[in-house]
Amino acid sequence: MSSGPLRIGLSARLLHEPPPVLGFRGKTLQYLEQSMAHWIMSHGALAFMVPTIGEHLGLRRAQISVRDYVGALDGLVLQGGADVAPETYREQPLRPEWGGDRIRDLYEIELLWEFLIQGKPVLGVCRGAQLINVACGGTLWQDISEYVPGAAAHRHDDLYDAHYHEIDLLPDSRLASLYPPDAPRRVNSIHHQAVRNLGSDLRVEALSVGDGVVEAIRGTGAAYLFGCQWHPEFHAKEAGLLDGSPILQDFLEAARLARAG
């Protein structure tokens, strides 16, 4: 049995066309957002970014595999970022700017399933929650404000992570059990897409107050699988907001149990 701090993998964000000022002309950058890494580390776990494995780069699957990476880690966090490509859930983008990142989708879906196959937990944040739904056969609203009647604003370009709304934690859900009844239910809201048709073997655990937009989902199978639309890592313990620590602690406990085998 492994010892020492938990080793948590983070899926990479991909920047296919870096701005010239960065000095990587014609290259693809893979990176993680600092707040996410520090959120994980602040709870005593180690954070490792998992790069893509691309044969076009001269890296053969016989040399290294996704299974090898997953075998060395205790859990996976799917970061936020670019839209999930509509092609990934069998649709076409309704606007060019909603085309998403199909390359990242395929990479993250392969990672997600390998972690679940090996019995290790997966936590998805924002895009990560949407990716979980799509990986399980679900679909997304390509734009909430455009296609969900009566929906509140779920993204504000100027306010960004200072844009908030209230959520309802569904009774008898695991998410609700992590919090006392009087805990704040206010979260940040940075997304313009959301769960439309729920994927197989998933249940809804939180909804946006007023418009019923899905805010959290959980797998019903044996493996730990949870996704939330808000970014708990951006405001881990800010007064008046839902504390993200119970979510991460629950995920890390699942990682410890998986490690113990």
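So for the sequence shown, this note's numbering puts the first residue at 3; every next one is plus one. Here a beta-carbon is modelled for each residue, glycine too, at the ideal position from N, C-alpha and C. Only a predicted model underlies this, so the values are computations on that prediction, with no experimental measurement involved.
Residue i burial status per 10 Å Cβ neighbour count (16 or more: buried)
i, result
"valine 215", "buried"
"glutamine 210", "According to the sequence as given, residue 210 is serine; it is not glutamine. Serine 210 should be labelled buried."
"alanine 257", "buried"
"alanine 131", "buried"
"phenylalanine 253", "buried"
"histidine 233", "buried"
"proline 182", "exposed"
"histidine 58", "Only weak support exists for where histidine 58 lies, its pLDDT of 46 falling under 50; the value from the coordinates is given anyway. Exposed."
"proline 88", "buried"
"valine 86", "buried"
"methionine 3", "Residue confidence is low: methionine 3 scores 48 on pLDDT, short of 50, so the model does not pin down where it sits. Its coordinate-derived value is still stated next. Label assigned to methionine 3: exposed."
"alanine 1", "In the structure as shown, the chain begins at 3 and stops at 263. Residue 1 is therefore absent and cannot be evaluated."
Close Cβ partners of residue i (< 8 Å) along its chain, the five nearest in sequence each way excluded
i, result
"valine 68", "Ile55, Glu112, Leu113, Glu116"
"alanine 1", "Shown here, the chain extends from 3 to 263; a query on residue 1 therefore has no answer."
"valine 52", "Gly11, Leu12, Ser13, Ala14, Tyr71, Leu75, Leu78, Leu113"
"threonine 90", "Gly102, Arg104, Asp107, Leu108, Ile111, Val136"
"asparagine 199", "Gly140, Thr141"
Contact under 9 Å by Cβ, residue i with residue j
i, j, result
"glycine 126", "isoleucine 134", "yes"
"glycine 11", "valine 79", "yes"
"glycine 221", "leucine 118", "yes"
"alanine 218", "serine 44", "no"
"aspartate 213", "alanine 164", "no"
"glutamate 235", "glutamate 19", "no"
"arginine 97", "glutamine 32", "no"
Under the three-state DSSP convention, the category residue i falls into
i, result
"tryptophan 115", "helix"
"tryptophan 100", "helix"
"isoleucine 10", "strand"
"tryptophan 41", "helix"
"phenylalanine 253", "helix"
"alanine 49", "strand"
"glutamine 195", "coil"
"aspartate 107", "helix"
"glutamine 94", "coil"
"arginine 176", "helix"
"methionine 3", "For methionine 3, the pLDDT reaches just 48, beneath the cut-off of 50, and the residue's location in the model is therefore unreliable, although a value from the coordinates is still provided. Note: methionine 3 maps to coil in three-state DSSP."
"valine 1", "Summary: the structure shown does not reach residue 1, with the chain confined to residues 3 through 263, and so no result is reported for it."
"glutamine 81", "coil"
"glutamine 32", "strand"
"valine 189", "strand"
Residues of its chain near residue i, where Cβ-Cβ distance is below 6 Å and the 5 sequence neighbours each way are ignored
i, result
"histidine 156", "Ile146, Ser191, His193"
"alanine 39", "Ala49"
"serine 202", "Cys138, Gly139"
"glycine 223", "Asp203"
"arginine 205", "Arg220, Thr222"
"glutamate 148", "none"
"proline 95", "Pro88, Gly101"
In DSSP terms, what residue i is bridged to
i, result
"cysteine 230", "Val127, Ala218"
"arginine 69", "Answer by DSSP bridge pairing: none, since arginine 69 is not bridged."
"serine 210", "Ile169"
Beta-carbon proximity list for residue i, same chain, < 7 Å, skipping 5 on both sides
i, result
"alanine 260", "Asp76, Gly121, Lys122, Pro123"
"leucine 61", "In this prediction, leucine 61 scores a pLDDT of 45, lower than 50, which makes its location untrustworthy; the coordinate-derived value is nonetheless stated afterwards. Closer than 7 Å at the Cβ level, and outside the excluded window around leucine 61, lie Ile55."
"isoleucine 169", "Arg187, Val189, Ala208, Leu209, Ser210, Val211, Glu217"
"glycine 46", "Pro7"
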